[in-house]
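Residue numbers (the numbering used here), protein chains in the order written: chain U, 25 to 276; chain Z, 69 to 367.
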C-alpha cells in the first residue's frame, strides 16, 4: 500500500560531484518497499508542481536511502535540504524487480541507474555478479562488494576499472548467468538487452520516463511494450513498470 | 451550510469534481482519498475503441504548471463500461463521462454505447489539443462545434456538458454556439496550447513538440474565461484551470461557475480534491455564506 509521509531527513551528503546520498526516516514504507521500486519526492516549491521520481537505493531498519543526481531545479532543491528537515514522500511506487527462482544473477547498473541495484543485490539469493558502469569514477562499488560474489567496474574514460561500457566488459569477461537485471541510460539497457538475447538469458530492465502523477492516473510516462502476440501498446513506467522484461520492450 | 449544487437535475453533494485526464477513473487516487467525498468524478476521455496515445515524452514541467501531450490514450468505451462504471458505482459520488472522438461518427458511437449506462452526465471533449484529427479541431469553430453538439445530443440519454478550448479568439462565440446546438452545460477550460524547448539538446521537450498547459499558472486565464462565458450563456458552467485549493475554487464560483474541477493539483498533492472541498467549507463558515449559491457569479 502506497503512503504519503513527511519523513525526517537523517543525512543528505554529496558523495561525488553532484551526487547526493539522502537517508530519510520512513518506518512503514521502508518495510513495504521492494528492490527496484521508487519514491515520488516533493520539492515543496509552488512553482515546481510535479514530484520527482527517485529510485530507492536501500530500504531497511525504518530508513529509506536515496542516492540521486542533481540534474535540474527539483533535485537542486533536494540537494539543499538539511538534516532534521522533513521531506514529503509518496512511496513505494512501481512494481520493482521480479524475484524468480534464478540462481546465478547478473546485476548491471549504469551511472545514476546504479543505486536501485544495491537493494536488489542485497535481497537476491544465489551467485551474484555485479557490473557497474560510469562515465568516469563511479559510485557505491565498495558497498556492492559486501553483498556480491564479484563486482566488475567499467568507466568510459578508463579512470576506474575496465575502459569502455558495461556490455563491452561483459563480453570480454564472458559474464553468464540465468537472469540479468539492469538499470541505467536507455541506450545501455538496449545493449544489455541485446547481450541477453545473444546469451539466451532472461533480462529485466528498469526504465525511466518523464513522469507526472507517479501512480498510474495521468498516463504520462509511457514506454512501448509488445505482448506475447507481438501487439504493441504504451505501458505506464510508474505503474506497469519501471521494471519490464527486456523481451517485451520495443527498443527504438 | 449548503454546499450542494445541481447540474441539469443531477444533484451533487458539493461543487467539486476532477478534471478529465488527471484522475483516471479514481482507482489510483482512491488509495489516498475517500472518493465518497467528491461531488462527482469526471473520468478520463473515453473513445469508441482503444486509443494508443502519443509517443513519450508526454510530460514537461514549466514554471507553475506543466505541459502534456498524452493524446487521450484509453482502453475504449466497452472496457470502460465493463470495468470502471461498476468500480465507481461502489461510491456515493456522481459519474461524469468525458467522451472523445476523431470524427462525428466516433463521438456518436461512444454516446450510443453509453445509452442506458449507469452514469450521470456526459462531457463532450471537443477541445483536446493533443490529437491531430478531431479533438480541438471541432471546438474552435462555432459552426462546426454547434453541428457536432447537435448531432451528439440526438443520441445522448444523459445531460450533455460541452468542454471548451481556451485556444480561440472569442470563447463566448463557441460557448453560445454549443448552447444553440443543445449543450445542457459547459465546462472550461481545457489546456492551453504551449511549448517548451530544451535549449541544451536544442529540441522540443515533448515528442509531439507542442502540448496542453495546465496548473496554477493558467488559473487567471481560466477565471477570466469562466467569467466571460457565464455572462453570455444561461446554462451551468463547470470551471477549471489551475484550481489547487478552496480559495481558487471560490474564485471560479464567484466568476459564475456552478461546479469546479481539480486537475493538475492532484499530481502536486493527491489530497487536493479533499482540501478544496474543506477549503470551500472553511471559507463559507468564516464569511457566513449559508448557501454556496449565494456567492455564485457575485462578481
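Beta carbons are placed, not taken as given, at the ideal position from N, Cα and C, and that holds for glycine. Being a predicted model, the structure only gives us computed values, none of them experimental.
Distance CB(residue i)-CB(residue j) smaller than 8 Å
| i | j | result |
| --- | --- | --- |
| residue 151/U | residue 128/U | yes |
| residue 164/Z | residue 191/Z | yes |
| residue 155/Z | residue 95/Z | yes |
| residue 216/U | residue 199/U | no |
| residue 259/U | residue 240/U | no |
| residue 187/U | residue 179/U | yes |
| residue 286/Z | residue 305/Z | no |
| residue 126/U | residue 154/U | no |
| residue 244/U | residue 64/U | no |
| residue 33/Z | residue 193/Z | Residue numbering for chain Z in the displayed model covers 69 to 367; residue 33/Z lies beyond these limits and cannot be assessed. |
| residue 272/U | residue 249/U | yes |
| residue 344/Z | residue 321/Z | no |
| residue 162/Z | residue 92/Z | no |
| residue 334/Z | residue 97/Z | yes |
DSSP beta-bridge partners of residue i
| i | result |
| --- | --- |
| residue 32/U | 110/U |
| residue 279/Z | 262/Z |
| residue 216/U | Beta-bridge pairing links residue 216/U to no other residue. |
| residue 258/U | 248/U |
| residue 91/U | 45/U |
| residue 226/U | 203/U |
| residue 142/Z | 119/Z |
Backbone CA spacing between residue i and residue j [nearest angstrom]
| i | j | result |
| --- | --- | --- |
| residue 32/U | residue 87/U | 10 Å |
| residue 164/U | residue 81/Z | 54 Å |
| residue 238/Z | residue 206/Z | 15 Å |
| residue 200/Z | residue 113/U | 37 Å |
| residue 139/U | residue 162/U | 11 Å |
| residue 116/Z | residue 146/Z | 8 Å |
| residue 178/Z | residue 114/Z | 8 Å |
| residue 362/Z | residue 124/Z | 45 Å |
| residue 95/U | residue 227/Z | 48 Å |
| residue 110/Z | residue 148/U | 43 Å |
| residue 72/U | residue 189/U | 35 Å |
| residue 77/Z | residue 121/Z | 34 Å |
| residue 134/U | residue 279/Z | 32 Å |
| residue 89/Z | residue 257/U | 18 Å |
| residue 83/Z | residue 307/Z | 10 Å |
| residue 73/Z | residue 364/Z | 11 Å |
Chain U residues whose Cβ lies nearer than 7 Å to that of residue i
| i | result |
| --- | --- |
| residue 340/Z | Under the 7 Å cutoff, chain U gives no residues; its nearest Cβ is about 11 Å from residue 340/Z. |
| residue 283/Z | 73 |
| residue 141/Z | 243 and 258 |
Unbroken alpha helix (DSSP H) run spanning residue i, endpoints
| i | result |
| --- | --- |
| residue 110/Z | Premise fails: residue 110/Z lies in the beta strand (DSSP E), 108-110, not in any alpha helix (DSSP H). |
| residue 215/Z | 210-223 |
| residue 342/Z | 340-354 |
Residue i: contacting residues in chain Z (beta-carbon distance under 7 Å)
| i | result |
| --- | --- |
| residue 257/U | 120 |
| residue 71/U | 131 and 132 |
The beta strand (DSSP E) enclosing residue i, as first and last residue numbers
| i | result |
| --- | --- |
| residue 299/Z | Element bounds for residue 299/Z: n/a, residue is neither H nor E. |
| residue 206/U | 203-207 |
| residue 79/Z | 78-80 |
| residue 77/U | 76-79 |
| residue 268/U | 267-269 |
| residue 179/U | 174-179 |
| residue 84/U | 82-84 |
| residue 165/Z | 162-167 |
Listed by chain order, chain Z residues near residue i by CB distance under 9 Å
| i | result |
| --- | --- |
| residue 25/U | 99 |
| residue 247/U | 124 |
| residue 28/U | 100, 337, 338 and 339 |
Contact set between residue i and chain U, taken where Cβ atoms lie within less than 8 Å
| i | result |
| --- | --- |
| residue 138/Z | 242, 243 and 244 |
| residue 334/Z | 237 and 241 |
| residue 128/Z | 234 |
| residue 91/Z | 241 |
Chain-ordered chain U contacts of residue i [CB-CB under 9 Å]
| i | result |
| --- | --- |
| residue 349/Z | Ordered by position in chain U, no residue passes the 9 Å Cβ test against residue 349/Z, which lies about 22 Å from the chain. |
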